[in-house]
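In what follows, a structure is listed as C-alpha cells, so that the remarks can point back to it.
Rendered as C-alpha cells:
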C-alpha cells in the first residue's frame with residue numbers, strides 16, 4: 025500500500041512515454057508522401073501469416089467440433105447401426121460442403137472464363153481487426169503476381185482493390201470502406217458517376233450530371249475509367265434517392281456483393297493505369 | 124505470469140476479432156474484443172498492464188485494419204491506462220460499475236480515434252450515433268460476461284477439487 029503513489033507515478037511516466045511514442049509514429053506517417061509505410065507493411069506481413077495459421081486452425085477446429093457433435097448425437101442408438109448412420113451423416117455433410125464449395129468454385133471459374141483479363145483465384149483468410157476500416161486479407165501476394173491497386177472481383181460483382189500486398193498475402197480494401205471509390209455507369213441511362221464507400225453497409229453515388237436520368241432500382245456497373253476496375257462489373261443497385269426541391273440531394277446504393285459471406289475472390293492481374301500507379305506512389 | 128496472461132488475453136481477443144467477429148455481428152455496428160480485453164486487463168492488473176495491453180492491441184489492430192498506425196494504439200493506450208487507474212482507485216467489483224467502465228471505455232476510444240482522424244485524415248469517418256451506442260452496449264455486455272467467467276472458473280475448479288478429495292477419503 026505504501027508503494028501505491030510511486031507505482032502510480034511510474035505508470036504515469038510510462039503512459040506519457042508511450043503516448044509520445046504513438047504521436048511520433050502517427051506524425052511520421054502523416055508527413056510521409058512515399059505511399060504505404062514500411063512499418064505497416066512489415067507488421068501486416070507478419071500478422072497476415074498469423075491470420076493464415078489461425079484461419080487454418082479455426083477451420084480444423086470447426087471441422088473437429090462438428091464431427092464430435094454428430095458422433096455424440098448418435099451414441100444413444102444401436103452401436104453398429106448408429107456408427108453407420110453417423111458415418112453416412114458425416115459423409116453427407118462433407119459431400120454437401122464439398123458440393124457447395126464446388127458450386128462456388130464453378131461460378132468463380134465461369135466468371136474467370138468470361139473475363140478477357142488474366143485473374144488469380146484467392147481465398148479469404150482474415151478480416152479487418154477494427155470496425156473503422158472495411159478490409160479483407162487474401163492468401164495471394166506478390167509471389168502470385170498480385171500488386172497494389174489491382175481490382176478484386178467475385179461472381180456477384182466488384183469487391184475492392186489491393187492496397188497492401190506482401191509476399192504471401194494481400195490486404196483488400198472493400199468498396200464499402202470509407203476511403204474507397206469506384207467509377208460507375210448506370211446501366212439504363214448510361215450516365216456516369218462515382219460510387220464512394222461510407223464505412224457502413226451502403227455506398228453513395230456522386231458526380232452524376234445534374235440532368236442524369238436516375239431512378240430507384242437502377243443497376244450500376246464499373247465504367248472502367250478509374251483505371252483500376254475493368255468495365256462491366258456489377259457494383260450495386262440504387263437503393264434510395266433523396267431529393268430537395270426537385271434536385272437530387274443524395275443517392276444511396278446497395279452493393280451487389282455480400283461482403284460478410286465472401287470466401288473466395290478473383291484478383292484481376294492487369295496492371296492499373298499509369299495515372300493510378302503514379303497517384304498511389 | 125502477469126505478462127503471459129496479458130499477451131495471451133490480447134492474442135485470443137485479436138484472433139477471435141479477426142476470425143469470428145465478422146460472422147457474429149452483421150451490419151455497420153460491431154464488437155471490439157481487443158478493447159474489451161484491454162479494459163479488462165487494465166481493471167484487473169493495473170495501469171501499467173493497461174498501457175502495455177492497449178499499445179500491443181491497438182498497434183496490431185491498426186496494422187491489420189488499414190488506417191494510420193498509432194491512432195488505435197494511442198486510443199487503446201489511453202483506455203487501458205485510465206481503466207487501470209479506475210481499477211486501482213475504486214472498487215469495481217459489481218456488475219453495474221463494470222458495465223459503466225466498459226461502456227465508457229468504448230465511447231472514449233471512439234472519441235479519441237474519431238477526433239484524431241478529423242485532425243489528420245481528409246476523409247474522416249462518419250460516426251453513426253446508434254452504431255456507437257450499439258458497439259458500446261455490446262462491448263459492455265461482453266466485458267461483464269468476461270468478468271463473470273474469469274471469476275467463476277477458480278470457484279468451479281475448487282469445488283471439483285473438493286469433490287475429488289472427498290471421494291478419495
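Chains as they are written, first to last, in the numbering used here: chain L, 25 to 305; chain V, 124 to 292.
All residues carry an ideal CB built from backbone N, CA and C; glycine is no exception.
List the residues of chain V that residue i touches, going by C-beta distances under 9 Å, in chain order.
i: residue 234 of chain L; result: Chain V residues near residue 234 of chain L: none, gap ~24 Å exceeds 9 Å.
Looking only at its chain, what residues have a beta carbon closer than 7 Å to the beta carbon of residue i, apart from the 5 residues adjacent to it on each side?
i: residue 208 of chain V; result: 170
i: residue 249 of chain L; result: 207
i: residue 237 of chain L; result: 213, 215
i: residue 202 of chain L; result: 221, 222, 223
i: residue 266 of chain V; result: 159, 162, 163, 221, 225
i: residue 138 of chain L; result: none
i: residue 210 of chain V; result: 165, 166, 167, 169
i: residue 283 of chain V; result: none
Cβ closer than 7 Å: which chain V residues qualify as neighbours of residue i?
i: residue 203 of chain L; result: 246
i: residue 38 of chain L; result: 171, 174
i: residue 195 of chain L; result: 189
i: residue 257 of chain L; result: Going along chain V, no residue has its Cβ under 7 Å from residue 257 of chain L, so there is no contact; the nearest lies around 22 Å.
Which residues in the same chain as residue i place their Cβ atom closer than 6 Å to its Cβ, once the five residues preceding and following it in sequence are excluded?
i: residue 281 of chain V; result: none
i: residue 142 of chain L; result: 293
i: residue 243 of chain L; result: 211, 261
i: residue 133 of chain V; result: 160, 176, 179, 180
i: residue 156 of chain V; result: 136, 139, 140
With a CB to CB cut of under 8 Å and the five nearest residues on each side skipped, what residues in its chain are close to residue i?
i: residue 185 of chain V; result: 191, 192, 193, 194, 195, 196
i: residue 256 of chain L; result: 245, 246, 248
i: residue 277 of chain L; result: 219, 226, 227, 228, 229, 244, 259, 260, 261, 262, 263
i: residue 237 of chain V; result: 247, 248, 250
i: residue 125 of chain V; result: 168, 172
What residues of chain V sit near residue i, judged by a beta carbon separation below 8 Å?
i: residue 120 of chain L; result: What residue 120 of chain L touches in chain V: nothing, since even the nearest Cβ is about 19 Å away.
What residues from chain L crowd round residue i, counting only those whose CB sits closer than 7 Å?
i: residue 186 of chain V; result: 64, 67, 68, 71
i: residue 140 of chain V; result: 153
For residue i, go through chain L and note every residue whose CB falls closer than 8 Å to its CB, in chain order.
i: residue 249 of chain V; result: 202, 222, 223, 224
Whole runs of the alpha helix (DSSP H) within the segment 231-290 of chain V, excluding any shorter than 4 residues: The segment 231-290 of chain V contains no whole alpha helix (DSSP H) run of 4 or more residues.
Which residues, taken in chain order from the segment 203-223 of chain V, show a beta carbon closer than 8 Å to some beta carbon of chain L? 204, 207, 208, 211
Selection of the segment 145-164 of chain L by Cβ proximity to chain V, strictly under 8 Å: 150, 151, 152, 153, 154, 155, 156, 157, 159, 161
Below 8 Å, can you find three or more Cβ-Cβ pairs linking the segment 272-279 of chain V to the segment 224-233 of chain V? no
Between the segment 154-162 of chain V and the segment 199-206 of chain V, do three or more beta carbon pairs fall short of 8 Å? Yes, the segment 154-162 of chain V is in contact with the segment 199-206 of chain V.
Going along the chain, which unbroken runs of the alpha helix (DSSP H) with 4 or more residues stay wholly within the segment 130-209 of chain V? 144-147, 156-168, 170-188
Going along the chain, which unbroken runs of the beta strand (DSSP E) with 3 or more residues stay wholly within the segment 189-231 of chain L? Fully enclosed beta strand (DSSP E) runs of 3 or longer: 194-198, 205-210, 216-221, 227-230.
Under 8 Å: do the segment 29-48 of chain L and the segment 173-180 of chain V share three or more Cβ pairs, one atom per stretch? yes
Using a Cβ-Cβ cut-off of less than 7 Å, give me the residues of the segment 274-288 of chain L that come near chain V, in sequence order. 284
Three or more C-beta pairs under 8 Å: does that hold for the segment 215-233 of chain L against the segment 237-255 of chain V? yes
When you check each C-beta in the segment 222-236 of chain V against every C-beta of chain L, which residues fall closer than 8 Å? Using a CB distance below 8 Å, the part of the segment 222-236 of chain V facing chain L consists of 236, ordered along the chain.
At which residue ranges does the segment 101-176 of chain L contain complete beta strand (DSSP E) runs of 3 or more residues, listed in the order of the chain? Runs of the beta strand (DSSP E) inside the segment 101-176 of chain L: 143-151, 159-162.
So does the segment 150-169 of chain L actually touch the segment 43-50 of chain L, counting three or more Cβ pairs closer than 8 Å? no
Contact list for the segment 124-139 of chain V against chain L, Cβ threshold 7 Å: 137, 138
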